[in-house]
Amino acid sequence: MPVSLRNSIFYTLLFLFCIEGILEYRGYTRGFSTLIFGTPSKTYARDNNENIEKSYGPSAEFPFRSSIIEPSFKTAETVRIWIASASYAEAIDRPVLETFPSMACGALSKSGVPCQMLNASKAGWSIKNNIEQILTEGRRWQPDYILLYQMGNDVKSLLQENDRRSNSGNDLDNGIFDVVEDKMQKLIEQTNLYVHTREFVGGYILISSHLNEQIPELVFREYRSRLEAYIAACKQIQAKPVLMTFLGRNRPETADNIPLDLKFQLLKYTSLISPETWPRITSELNKIIRQVAEQHKVLVIDLEKAALDEPDNFKDYFHFTKIGHKKVGEFVAKEMKDAVNNS
Amino acid sequence: MVFNSVEFGIFLVSLLYLYFSVFRGDKQRDVLLLVASYIFYMAWYWTYAGLIFLSSIVDFFIGKKLYKEQDQKRKKLFLFASLATNLSLLGIFKYFNFFSDTTATIFSGLGFQVDVWHHELLLPVGISFYTFQTLSYTLDIYRGKIKPEPKFIKFATYVAFFPQLVAGPIVRAADFLPQLNRKLAVTDKQIQLGLSLICLGLIKKVCIADTLALLAVDAAFENPQQFSSLDLLFSLYAYAFQIYCDFSGYSDIAIGVAMLFGFKFPVNFNKPYLSASPSEFWTRWHISLSSWLRDYLYISLGGNRGTSLMTYRNLFLTMLLGGLWHGAAMNFILWGIFHGSILILYRLLKVSNATTTSGLFLQRFIFFHLVVFGWLLFRVTSMDNFLEYSATLLSFSTGISLSPLFFFILLVASVSHFIDFNRIQECVGRFPILLRSIAYTSVLLLVLSFSVEDAAFIYFQF
Numbered sequence: 040m041p042v043s044l045r046n047s048i049f050y051t052l053l054f055l056f057c058i059e060g061i062l063e064y065r066g067y068t069r070g071f072s073t074l075i076f077g078t079p080s081k082t083y084a085r086d087n088n089e090n091i092e093k094s095y096g097p098s099a100e101f102p103f104r105s106s107i108i109e110p111s112f113k114t115a116e117t118v119r120i121w122i123a124s125a126s127y128a129e130a131i132d133r134p135v136l137e138t139f140p141s142m143a144c145g146a147l148s149k150s151g152v153p154c155q156m157l158n159a160s161k162a163g164w165s166i167k168n169n170i171e172q173i174l175t176e177g178r179r180w181q182p183d184y185i186l187l188y189q190m191g192n193d194v195k196s197l198l199q200e201n202d203r204r205s206n207s208g209n210d211l212d213n214g215i216f217d218v219v220e221d222k223m224q225k226l227i228e229q230t231n232l233y234v235h236t237r238e239f240v241g242g243y244i245l246i247s248s249h250l251n252e253q254i255p256e257l258v259f260r261e262y263r264s265r266l267e268a269y270i271a272a273c274k275q276i277q278a279k280p281v282l283m284t285f286l287g288r289n290r291p292e293t294a295d296n297i298p299l300d301l302k303f304q305l306l307k308y309t310s311l312i313s314p315e316t317w318p319r320i321t322s323e324l325n326k327i328i329r330q331v332a333e334q335h336k337v338l339v340i341d342l343e344k345a346a347l348d349e350p351d352n353f354k355d356y357f358h359f360t361k362i363g364h365k366k367v368g369e370f371v372a373k374e375m376k377d378a379v380n381n382s
Numbered sequence: 002m003v004f005n006s007v008e009f010g011i012f013l014v015s016l017l018y019l020y021f022s023v024f025r026g027d028k029q030r031d032v033l034l035l036v037a038s039y040i041f042y043m044a045w046y047w048t049y050a051g052l053i054f055l056s057s058i059v060d061f062f063i064g065k066k067l068y069k070e071q072d073q074k075r076k077k078l079f080l081f082a083s084l085a086t087n088l089s090l091l092g093i094f095k096y097f098n099f100f101s102d103t104t105a106t107i108f109s110g111l112g113f114q115v116d117v118w119h120h121e122l123l124l125p126v127g128i129s130f131y132t133f134q135t136l137s138y139t140l141d142i143y144r145g146k147i148k149p150e151p152k153f154i155k156f157a158t159y160v161a162f163f164p165q166l167v168a169g170p171i172v173r174a175a176d177f178l179p180q181l182n183r184k185l186a187v188t189d190k191q192i193q194l195g196l197s198l199i200c201l202g203l204i205k206k207v208c209i210a211d212t213l214a215l216l217a218v219d220a221a222f223e224n225p226q227q228f229s230s231l232d233l234l235f236s237l238y239a240y241a242f243q244i245y246c247d248f249s250g251y252s253d254i255a256i257g258v259a260m261l262f263g264f265k266f267p268v269n270f271n272k273p274y275l276s277a278s279p280s281e282f283w284t285r286w287h288i289s290l291s292s293w294l295r296d297y298l299y300i301s302l303g304g305n306r307g308t309s310l311m312t313y314r315n316l317f318l319t320m321l322l323g324g325l326w327h328g329a330a331m332n333f334i335l336w337g338i339f340h341g342s343i344l345i346l347y348r349l350l351k352v353s354n355a356t357t358t359s360g361l362f363l364q365r366f367i368f369f370h371l372v373v374f375g376w377l378l379f380r381v382t383s384m385d386n387f388l389e390y391s392a393t394l395l396s397f398s399t400g401i402s403l404s405p406l407f408f409f410i411l412l413v414a415s416v417s418h419f420i421d422f423n424r425i426q427e428c429v430g431r432f433p434i435l436l437r438s439i440a441y442t443s444v445l446l447l448v449l450s451f452s453v454e455d456a457a458f459i460y461f462q463f
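Line by line, the protein sequences are chains A and B. So in our numbering, spot 61 of the first sequence is number 100, and the numbers just go up one at a time. So in our numbering, spot 85 of the second sequence is number 86, and the numbers just go up one at a time.
In structure tokens:
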């Protein structure tokens, strides 16, 4: 290879690698998983000796982020509640006892209703994943109530599905390296160079562009179907389904004033819809939740109507702060106490 | 595998290593380039690689027959066979459904209900380019301009060479085949220029073209009624620069990559928006296509050798077919008709370049806006879309909703169009290797930053 070409390629790759290395080391020291340095040895769970005490899952035998119990260990008075959700309820960055499912169970127990909590939430899950777990694990654990708190991941996956359907036939997607290209893309998305450049420049470009504000009909249609499938799955294992309306950080009336950091976060989540549309999506899908609940005579824990969507309760659009978890947990406990007493 | 992807970067670096360090013989390199080019194409859609091979085989053998044949009638038959094969492929994949629908529409207008058949075949990427490329080979042999290439591998490489396979430039056999037959010789200056062209192309495509599309153009054309007249006007200007940067960016990368392998491709764009007239425009925009149309269509029709009326007819037909080449849709035909019409109009009015600076500026200003109007026809998705866009544009509604970033990128695009890249490249070429590598790294980071969404090159759809 000509020397100038070889040197140009070598030094360019070297510089890129060095920059990536520096960024990765910075991320590693801040507790993030990295490609080059791996995952830092200290995690939240280990810092708080959760695994050492072995009081809490998840584990191989107990796939829930809650206090470990035996499936058969349940008295007649005890209410066993299963939370079907995603990162909003899993809250891996918080101690187990500071998540709203645990707080709800604690508050319920204090109010005289003995409670066991099965927090079956996993980051990135949608309703489909929750249903799958209900059907595979539900009979073993025999929950009395299954509370569903899901929206964000389902909206994202449905928007992607809609986008795929709109663009099918436009791509010649039959290349011999498609699998390799997909894997390459996933690898690149894990690099710090990608994350940082997208965040600082790409995010600003997306915010400046005219993103889609139309919510595809498919989102409403499929979300309703998923709620109905969830209700059917609960009934299949003889658990009472409970729907929860979803909370986002902004109400529709303040959609024009979404802070820049929130816009960046929402665009990182998906760029298929403008950030300003999320409050509208949340509101519309919450209406569908209430409609489905009324139609199937299912209890709704209406977090939206309880006006719990103030900014202090959220650290981003979807995820709660410590205060947010506490308030939501207390509200859920109050609603569940009424439901248990009335049943 | 698009040029602005990591996969292509890995492919290119690996291929360069194999080309220079592993496969050292000429024959070995020929095979390597051919195999690599087919692998590149098959990364898109592997089944359609057979079409390129078919086109290559047919024209390779027809070329030999054409050269040996003395009888004019039989020569014409062989040429016809080449034309029929290549244009049939193009016709079936690209135009069949369009002409079916048009026929049905015409009959429907006359009161007859006709059921038409559509195929579901996808348009092979680059078919418009490589069929024109192989046709130029057989036509040049027929005209006695070149001799046929004796080795199939070299000819197949000429047809399928990956940098220009999917979106040009359309390289003539007379320009490229001799280079394939020469001994490998790559100078440092070529490498520097090649790498600089690749960087320039990536910036044009990703940082300018794709960003303009995302910031304004796509949304403006999708829902024109949501924007004001000023927004639509600036979006139209932006599209003019988007298509220029997208296409010339691809050409720059193609030429730059070819240079790294020691091949010199002709320039495909030369500051087209500095043109003061249509005839000048077509010597600056997509030069490889316009020269192909001139040499093989316009001149074959008679060029300007006949009466004025015949010249106008030939100009009109050439531009009409040039528009049709871009796509099987009415808007492309109208775009071709529009450019044919202004070519004729400028001839009729005997417009020549002004001698004063202000006069020339005015001519360029007027012609630029004519071209921009043409791009409106080119970009719309349907006639309804055209009417909607035009109506909103001409409503003179005020207000601007476009972002400051959009205007900044548009300004950069406008200014960069007029910059003499050669001077910058000469300056960069004097930097030591470390500084140049820092420049290349900066470009890659810039491109990565702006790669918000995956956007294909506009000319891939042709």
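Ideal placement from N, C-alpha and C gives every residue a C-beta, glycine not left out. Computed from a predicted structure; not experimentally measured.
For secondary structure counted as the alpha helix (DSSP H) over 4 or more consecutive residues, the region 187–245 of chain B holds these complete runs in sequence order: 189–203 and 219–223. With a cutoff of 8 Å on beta-carbon distance, A/Gln199 and A/Leu311 are scored as near each other. When secondary structure is reduced to three states using DSSP, B/Thr358 falls in the helix class. Listed by position along chain A, the residues whose Cβ is nearer than 7 Å to that of B/Tyr96 form an empty set, because the closest Cβ is around 18 Å away. Residue burial annotation: B/Leu435 is exposed, with fewer than 16 other C-beta atoms found within 10 angstroms of its C-beta. Counting C-beta pairs closer than 8 Å gives three or more between the region 149–160 of chain B and the region 29–45 of chain B, which meets the contact rule. Non-local C-beta neighbours of B/Phe9 in its own chain, meaning closer than 6 Å and more than five positions away in sequence, comprise Met2, ordered along the chain. Taking 8 Å as the upper bound for CB-CB distance, A/Thr321 and A/Met190 are in contact here, some 7 Å apart. Annotated as distal: B/Phe242 and B/Leu378, with beta-carbon spacing of 8 Å or more. Interface annotation for the region 206–218 of chain B against chain A: Thr212, Leu215, Leu216 and Ala217, criterion Cβ-Cβ distance under 8 Å.
Interface criterion met: the Cβ of A/Pro41 is under 8 Å from a Cβ in chain B.
Spanning the alpha carbons of B/Trp286 and B/Trp293 requires a straight line of approximately 12 Å. Among the residues of the region 42–59 of chain A, those with a Cβ less than 7 Å away from any Cβ of chain B are Ser43, Leu44, Asn46, Ser47, Ile48, Tyr50, Thr51, Phe54 and Leu55, in the order of the chain. The criterion of a C-beta distance shorter than 8 Å is satisfied by B/Leu403 and B/Phe235.
For A/Leu186, the enclosing beta strand (DSSP E) covers residues Tyr184 to Tyr188.
Taken atom to atom, the span from the alpha-carbon of B/Leu124 to that of A/Ser205 is near 18 Å. By the CB criterion at 8 Å, A/Asn352 and A/Ile340 fall outside the cutoff. By the neighbour-count criterion, in which a residue is buried when 16 or more other Cβ atoms sit within 10 angstroms of its Cβ, B/Arg431 is exposed. Here B/Trp336 is buried, its C-beta having at least 16 other C-beta atoms within 10 Å. The beta carbons of B/Ile254 and B/Ile199 sit closer together than 8 Å. Collapsing the DSSP output to three states places A/Phe370 in a helix. Note that the C-beta distance between A/His364 and A/Phe139 is below 8 Å.
Considered as a whole, the region 272–347 of chain B harbours 279–282, 288–294 and 309–327 as its complete alpha helix (DSSP H) runs of no fewer than 4 residues, in chain order. Going by beta carbons, B/Phe79 and B/Ile63 fall inside the 8 Å limit. Between B/Asp247 and B/Lys206, the C-beta spacing is below 8 Å. Beta-bridge pairing by DSSP links A/Cys154 to A/Val118. B/Gly64 sits in a helix when the DSSP states are folded into three classes. At a cut-off of 8 Å, the C-beta of A/Glu220 has a neighbouring C-beta in chain B.
Contact between the region 86–104 of chain B and the region 317–331 of chain B is present: 3 or more CB-CB pairs across the two stretches fall below 8 Å. For A/Gly241, the chain B residues whose C-beta falls within less than 8 Å of its own C-beta are Ser450, Phe451, Ser452 and Val453, listed in chain order. An exposed status is given to B/Ser109, since fewer than 16 other beta-carbon atoms sit within 10 Å of its beta-carbon.
Taking the C-beta atoms as reference points, A/Ser150 is found nearer than 8 Å to A/Ala372. A Cβ-Cβ separation of about 11 Å leaves A/Leu342 out of contact with A/Phe359 under the 8 Å criterion. For the options B/Phe228, B/Leu67 and B/Phe21, the alpha carbon positioned closest to that of B/Ile401 is the one of B/Phe228. With respect to the 8 Å criterion, A/Leu186 and A/Ala123 are classified as neighbours on the basis of their beta carbons. Counting only Cβ-Cβ distances below 9 Å, B/Ala220 has contacts in chain A at Ser248, His249, Leu250 and Asn251, in chain order.
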